[in-house]
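Undergrad:
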Amino acid sequence: MIQRLQSLWLLLAAIFAFLTFKLPFYSGSKTIKGIAQPDVRLDAASQIFILALTGLVILFCFIAFFLYKNRKKQLTLTIINIIFSIVLLVLYFLEIGKFQTGIISLSCLFTLAIPIFLFLAARGIWKDEKLVKSLDRLR
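Following our numbering, the numbering of the sequence shown begins with 6 at its first residue and continues without gaps.
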């Protein structure tokens with residue numbers, strides 16, 4: 006399970022997704038209901054859709070991590086998770102549009118790395134599946 010490289014990528018994606026709850030993606034000023042808020046942080050817990058999608062990404066990472074015996078399901082779940090993480094990035098950038106001024110935090114790299122790690126995991130799972138099929142042909 007852990008000796009496979011894709012398991013490491015899935016675990017890193019889950020850890021990075023969890024870190025987005027504590028580390029800001031964006032910091033700036035925002036007007037909420039006509040009142041100026043000078044120091045607002047955008048993180049995974051700041052909006053309900055981002056919170057739910059981040060939770061799904063973490064959950065799917067751990068489910069895929071433990072599906073190491075069923076590579077087809079693991080690959081399908083990882084591809085769905087890549088789509089979720091890309092939608093998560095889109096939601097973050099849509100939320101940034103609601104700020105008047107601000108700056109993207111360096112910790113946004115954690116959020117940007119999640120789909121990359123999931124892609125690397127999917128590629129490793131696909132290579133394993135291809136290897137097993139080629140070995141079955143030899144038997």
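Note that beta-carbon positions come from the ideal geometry of N, C-alpha and C, so glycine has one too.
All values derive from a computational prediction rather than experimental measurement.
#1: Determine the extent of the alpha helix (DSSP H) in which L93 is found, giving its start and end residues.
#2: Could you check what DSSP says for T36 in three-state terms: helix, strand or coil?
#3: To the nearest angstrom, report how far apart C169 and V95 are at their CA atoms.
#4: In the structure shown, what three-state DSSP assignment does Q3 receive?
#5: Helix or strand or just coil, what does DSSP make of A18?
#6: Kindly indicate which residue of L111, Q52, K132 has the alpha-carbon position closest to the one of L99.
TA: Considering the structure as presented:
#1: Element bounds for L93: 76-101.
#2: Reduced to three states, the DSSP call for T36 is strand.
#3: Any question about residue 169 goes unanswered here, given that the chain covers just 6 to 144.
#4: Since the first residue shown for the chain is 6 and the last is 144, residue 3 is missing from the structure and cannot be characterised.
#5: The answer is helix: DSSP assigns A18 an H, G or I state.
#6: Residue Q52 is the option with its Cα nearest to L99.
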